[in-house]
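As you go down the protein sequences, you meet chains F and C in turn. If you want my numbering, it's the position in the first sequence, counting the first as 1, plus 55. If you want my numbering, it's the position in the second sequence, counting the first as 1, plus 560. We put the CB at the ideal spot given by N, CA and C, even for glycine. All values reported here derive from a predicted model rather than from experimental measurement.
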Amino acid sequence: MTLLEVRGLTTAFATGSGDVSAIEEVGFTVAPGEVLGIVGESGSGKSVTALTIMGLLPRPPARVAAGSVRFEGSELIGLSEARMRALRGRGIAMVFQEPMTSLNPVLSIGEQVMETVRAHERTTRAGQRDRAIEMLGRVGIATPERRLDDFPHQLSGGMRQRVMLAIALICRPRLLIADEPTTALDVTIQAQILDLLLDLRAELGMAVIIITHNMGVIAETADRVLVMYAGRIVEQAPVGALFAYPAHPYTRGLLECVPTLETELDRLVAIPGVLPDPARRPPGCRYAPRCPLAIEACTRAIPPLHRVGAEHDAACIRTP
Amino acid sequence: MTGPLLEVRDLEKHFVIGEGWLQRQAARLRAVDGVSFAIGAGETLGLVGESGCGKSTLGRLLLRLIEPSGGTIRFEGVDVTTLDRAGLRRQRRAMQIIFQDPYGALDPRMSVGDIVGEPLAIHAVPRAEIPRRVAETLELVGLARGHAGRYPHEFSGGQRQRIGIARALALRPRFIVCDEPVSALDVSVQAQIVNLLQDLQAELRLTYLFIAHDLAVVKHISDRVAVMYLGQIVEIADKRTIYARPLHPYTQALIAAVPSTRPRGRRRERLAGEIPSALHPPAGCRFHTRCPYVMDVCREQPPRMVAATPGHEVACHLVAGS
Chain F
56 MTLLEVRGLT TAFATGSGDV SAIEEVGFTV APGEVLGIVG ESGSGKSVTA LTIMGLLPRP
116 PARVAAGSVR FEGSELIGLS EARMRALRGR GIAMVFQEPM TSLNPVLSIG EQVMETVRAH
176 ERTTRAGQRD RAIEMLGRVG IATPERRLDD FPHQLSGGMR QRVMLAIALI CRPRLLIADE
236 PTTALDVTIQ AQILDLLLDL RAELGMAVII ITHNMGVIAE TADRVLVMYA GRIVEQAPVG
296 ALFAYPAHPY TRGLLECVPT LETELDRLVA IPGVLPDPAR RPPGCRYAPR CPLAIEACTR
356 AIPPLHRVGA EHDAACIRTP
Chain C
561 MTGPLLEVRD LEKHFVIGEG WLQRQAARLR AVDGVSFAIG AGETLGLVGE SGCGKSTLGR
621 LLLRLIEPSG GTIRFEGVDV TTLDRAGLRR QRRAMQIIFQ DPYGALDPRM SVGDIVGEPL
681 AIHAVPRAEI PRRVAETLEL VGLARGHAGR YPHEFSGGQR QRIGIARALA LRPRFIVCDE
741 PVSALDVSVQ AQIVNLLQDL QAELRLTYLF IAHDLAVVKH ISDRVAVMYL GQIVEIADKR
801 TIYARPLHPY TQALIAAVPS TRPRGRRRER LAGEIPSALH PPAGCRFHTR CPYVMDVCRE
861 QPPRMVAATP GHEVACHLVA GS
């Protein structure tokens, strides 16, 4: 059974010099309870993919130019804002990188958690309060009954991200989208939040899409991985296969260019060049100008994803 | 080696701040609290720790971009802390800094040539000579001479960091504080800048203090590594030793928290809790509130830095007691 099915999704932004597509022909599925990792750098389109699914991009300038997003069988593209709002929180919830800008600075954290319950369920104020206390406790906030009246600025970055998780999870969504949830946090706090995310996933039986630029975060959390570059999926694979047999030269580059604690190199293997500007993407394969394997044919057409192993696809004509 | 290039003793920076906006009660924030270390010529000392541990403050103190509250900083034997304005300016020819944020650190209204040439003009390099020196420096960091007439917004993040490096190199310093120089960059660009810093070090015989929160990058680039927690260095050793046999429980926890790039790696012991406020640091060992091995003595007495083996120093009662 499929929880989420995305097909041929293309999102464009209107700019002064015409439409620029942020993502193109993005397609993938998420099964119930699964953790899908999406990895990519600036301009890869990983956040736009998430925001398109959530219906959170401002229209205009954004526009879904093609494709479909089905959640539990129902189409989300073109759904009214009222129906979409009912789905957010209960069906799909999202947490962002910077919890300080996602939380309302003038409302207590208790009020913000209770507000979410109120938006989706009929309960008494005392009932909302009990639910908020229970959920804040579950995300690891000590003595939650005493923290309800705290304001976001009184909390550390890690605590704020726990509050965001409480808000996202209080209506027990079937899918959580976490966009760089630990990027702003210190490494010991990152480890705590990732553990918490995986524990809650198991406890609540939800699926998770985790978006990150960090291959280590992917390795520790994901079941399956999509690698995005310049708006397109260039590789998808089960996590073990991706790290053991990366098929796309960009994926190999990403894995090799980052120093790790396990390896020792005199010199890092850098990827030459820069990420392409979305308005001036190169013809053909977008990675070709930086790719050590590029040949003339790579610049002629965008390579489609093709099967390279079990459940393992890559968009590269140089990969057999 | 004939004595260290830089030698820091008991360095302190206490910020005095009002506590609460009505109480007007002064409090002391001990951002850097009794730090001592040395860096040899041509060496890279990595400095790691989490936000608020004081590592960036320490980097700025070394150049006296902020004034220390106590302690000494000897650079090539000269005590930097006692220099007057003119003396300090002369000293800055030899000591420079590269910042994390290549966007915020460059004036958007200045051309690249003016940005890189500014330190030369300040240090009275003859006007006629500046364009040539700017061009040489731009080529040194992998930019083209022709870039001198362009502006920061025309460059990518990685190229802007090259401009920041060129500015730091313009006066041909011997020592550079690199304050999180790659953490704002995309990972595919980080490696280019790390390689550049290593090439420049070899070519110009530079000495680095490399400040970062990324333990893997620090391991890659450093000769020795110091770990900071709440304003103090808790462990320092050559990099092989500190990563293979970390002795301080905080160093052990930091290394364990780095996500493994082997899928479904071990789920290890996690460090509980968060860094306490530097306004009210815990008594005794500052790490005792989060330490899995805490003993009674840790709550009362601050541990002294001791050499576990030659060159491997650690401030922990577990080690001191052995």
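Where the alpha helix (DSSP H) containing residue i begins and where it ends
i         : result
Ser748(C) : 747-764
Asp185(F) : 180-193
Tyr305(F) : 304-312
Val785(C) : Per DSSP, Val785(C) belongs to no alpha helix (DSSP H); it is in the beta strand (DSSP E), 784-789.
Gly664(C) : That residue, Gly664(C), is in no alpha helix (DSSP H); it is neither H nor E in DSSP.
Gly224(F) : Note that residue 224(F) is Leu in the sequence shown here, rather than Gly. Here the alpha helix (DSSP H) through Leu224(F) covers 212-224.
Ala776(C) : 775-781
Gly138(F) : According to the sequence provided, residue 138(F) is Arg. The question's Gly does not apply to it. Unbroken alpha helix (DSSP H) run through Arg138(F): 136-142.
Extent of the continuous beta strand (DSSP E) run through residue i
i         : result
Cys738(C) : 735-739
His808(C) : First-last for His808(C): undefined, no H or E at that position.
Thr66(F)  : 59-70
Asp798(C) : 792-798
Pro293(F) : 287-293
Leu259(F) : Run containing Leu259(F): none in the beta strand (DSSP E); it sits in the alpha helix (DSSP H), 242-259.
Gly73(F)  : 73-85
Cβ pair residue i, residue j closer than 8 Å
i         : j         : result
Gly213(F) : Glu834(C) : yes
Ala776(C) : Thr315(F) : yes
Val778(C) : Gly606(C) : yes
Leu3(F)   : Leu230(F) : Outside the shown range of chain F (56 to 375) lies residue 3(F), about which nothing can therefore be said.
Ile781(C) : Gln758(C) : yes
Ala299(F) : Cys312(F) : no
Val694(C) : Ala708(C) : yes
Ala797(C) : Leu323(F) : no
Ala277(F) : Gly92(F)  : yes
Val420(F) : Ile264(F) : Here chain F has residues from 56 to 375 only, and residue 420(F) is not among them.
Leu252(F) : Val280(F) : no
Gln660(C) : Pro741(C) : yes
Gly844(C) : Val592(C) : no
Residue(s) in a DSSP beta bridge with residue i
i         : result
Leu769(C) : Leu605(C), Val737(C)
Met149(F) : Ile232(F)
Glu130(F) : Arg125(F)
Leu565(C) : Its beta-bridge partners do not exist; DSSP assigns none.
Leu621(C) : DSSP, once it has assigned bridges, lists no residue as partnering Leu621(C).
Met962(C) : Residue 962(C) lies beyond the residue range present for chain C, which begins at 561 and ends at 882; the question has no answer from this structure.
Arg362(F) : Asp368(F)
Thr267(F) : Val94(F)
Met538(C) : A query on residue 538(C) cannot be resolved here, the shown segment of chain C reaching from 561 to 882 and no further.
Cβ-based neighbour list, residue i, same chain, cut-off 7 Å, excluding 5 preceding and 5 following
i         : result
Glu96(F)  : His268, Leu330
Arg62(F)  : Gly82, Gly122, Ser123
Ile599(C) : Pro564, Leu565, Leu566, Leu605, Thr767, Leu769
Gly612(C) : Ile835, Ala838
Gly144(F) : Thr171, Ala174, His175, Cys226, Pro228
Thr697(C) : Val676, Ala726, Leu729, Ala730
8 Å Cβ cutoff, residue i in contact with chain C
i         : result
Phe126(F) : no
His268(F) : yes
Pro207(F) : no
Glu366(F) : no
Leu323(F) : yes
Ile326(F) : yes
Thr104(F) : no
Phe151(F) : no
Gln291(F) : no
Cys312(F) : yes
Glu96(F)  : yes
Gly63(F)  : no
Val194(F) : no
Spatial neighbours of residue i in its chain, beta-carbon cut-off 6 Å, leaving aside the 5 residues before and after
i         : result
Ile690(C) : Gly677, Leu680
Ala369(F) : Glu290, Ala302, His303, Val363
Glu43(F)  : Summary: the structure shown does not reach residue 43(F), with chain F confined to residues 56 through 375, and so no result is reported for it.
Leu191(F) : Pro199, Ala221
Met561(C) : For Met561(C), the predicted structure reports a pLDDT of 47, less than 50, and the residue's modelled location is therefore unreliable. A value from the coordinates is still provided. So the list reads Gly600, once near-sequence residues are dropped.
Ile244(F) : Gly213
Arg727(C) : Ile675, Val676
Same chain, Cβ closer than 8 Å to residue i, five either side skipped, listed in chain order
i         : result
Asp570(C) : Gly594, Val595, Ser596, Gly630, Gly631, Thr632
Val294(F) : Gly92, Ile273, Ala274, Ala277, Asp278, Arg279, Val280
Residue-level contact to chain F via CB, residue i, 8 Å cutoff
i         : result
Gly724(C) : no
Glu834(C) : yes
Ala587(C) : no
Ile815(C) : yes
Asp746(C) : yes
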